[in-house]
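Since the structure comes first, as structure tokens, the remarks are kept for the end.
In the numbering used here, the protein residues as written are 2 to 327.
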């Protein structure tokens, strides 16, 4: 009887210990499983900010809010990211499906607020040796750009062009020279005069004959250009829907609104520009002026531009621009 009681008591103790152990194992497994679920939820991939690589959404980046729109676009292009999605997506913003879900609070266009040109401010950094005047909130300044067909002995390329009446000569990038397989006519020695009266050392440029026409091939013009490794830095194109819609309403064919290429490969200077301008202009409601040439080009009204008097060559390098005045 005593043995039976002891056996029963021991059996109950052993059973109780097993139940406590099983409960502890289940609780431990449950905690571990929940941790795995919380840390490895499928489809919830953490993306670092495309602008500063920190762990926050790109559209809320404090550092990016200090950047100009052109600087942000240049960084996104360099990283192969979508202007609308703000992530490496392998597509252009105009083919982005995500942007249909976006709505800018400033202009109601399909992008994040951080990519709105209406919220873009020019940040002035004081320099002891340079005085930048009129440093205040500024609109984006659109330079005169268009797309043309350039030909050389049967070879043809569609390129982006910058019109610069401040340059006495016209220039072509070495990249396009290689693609056209062009041969130089001669070599010229040029001294480039920079802002503030600074002059460069004598530079050798090869001279090439080219033919440029509009995209419809209804007008063409032949002239000589000088070779240059890189024409200029990044120049944004017009993507503002309000401006583009106004151009459509006024039946103005703006050729620089659909090209994927952003690099400027031809600079048309004052030596050729007079042959292309028709003398007519169209004032837009946005303050832009359409100037009919081979293709329509856009220029900001001169009285609204921000003037930056530059007096030293190193400042030009910081702005990633080149002055081709000779």
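In this text, a Cβ means the ideal position worked out from N, Cα and C, and glycines have one as well. Here the structure is a predicted model, which is why all the values come from computation and not from measurement.
Express the C-alpha separation of residue 150 and residue 217 in angstroms, rounding to a whole number. 9 Å
Quick one: give me the first and last residue of the beta strand (DSSP E) that residue 266 is part of. 265 to 269
Have a look at residue 53 and residue 177 and give me their C-alpha separation to the nearest angstrom. 34 Å
By how many angstroms is the C-alpha of residue 208 removed from the C-alpha of residue 106? 50 Å
Which of the three DSSP states is assigned to residue 157 in this structure? strand
Inter-residue Cα distance where the pair is residue 241 and residue 255: 13 Å
Determine, using beta carbons only, whether residue 204 and residue 192 come nearer to each other than 9 Å. yes
Is it buried or exposed, residue 229, if we count other Cβ atoms within 10 angstroms and call 16 or more buried? buried
Are residue 247 and residue 171 close, meaning C-beta to C-beta below 9 Å? no
By the 10 Å Cβ neighbour count, where 16 or more other Cβ atoms means buried, how is residue 219 classified, buried or exposed? exposed
Among residues of its own chain, excluding the 5 on either side of residue 286, which ones have a beta-carbon nearer than 8 Å to its beta-carbon? 247
Going by alpha carbons, who is nearest to residue 59 out of 85, 174, 166 and 155? 85
Does the beta-carbon distance from residue 265 to residue 161 come in below 9 Å? yes
CB of residue 146 within 9 Å of CB of residue 244, strictly: no
Residue 189 versus residue 206 - alpha carbon distance: 5 Å
Buried/exposed call for residue 159, threshold 16 Cβ in 10 Å: exposed
Excluding the 5 residues flanking residue 112 on each side, which residues of the same chain have their C-beta closer than 8 Å to its C-beta? 84, 85, 94, 100, 103 and 105
Where does residue 168 sit, in a helix, a strand or coil, going by DSSP? coil
Give me the DSSP bridge partner(s) of residue 152. 157 and 212
Reference residue 155, options 181, 238 and 88, closest by Cα: 181
Assign residue 96 to one of two classes, buried (16 or more other C-beta atoms within 10 Å of its C-beta) or exposed (fewer than that). exposed
Looking at residue 233: is its Cβ nearer than 9 Å to the Cβ of residue 276? no
Cβ of residue 143 within 9 Å of any chain B Cβ: Absent here is chain B; the protein component of the structure consists of one chain.
Thinking C-alpha only, which one of 250, 184, 239 and 273 is nearest residue 144? 239
Secondary structure of residue 251, DSSP reduced to three states: coil
Are the CB atoms of residue 67 and residue 80 within a distance shorter than 9 Å? no
Can you tell me which of 74, 65 and 231 puts its alpha carbon nearest to the alpha carbon of residue 163? 231
Beta-carbon gap between residue 73 and residue 115 smaller than 9 Å: yes
Whole-number beta carbon distance between residue 274 and residue 166, since they are thought to touch under 8 Å: 6 Å
Could you check what DSSP says for residue 220 in three-state terms: helix, strand or coil? coil
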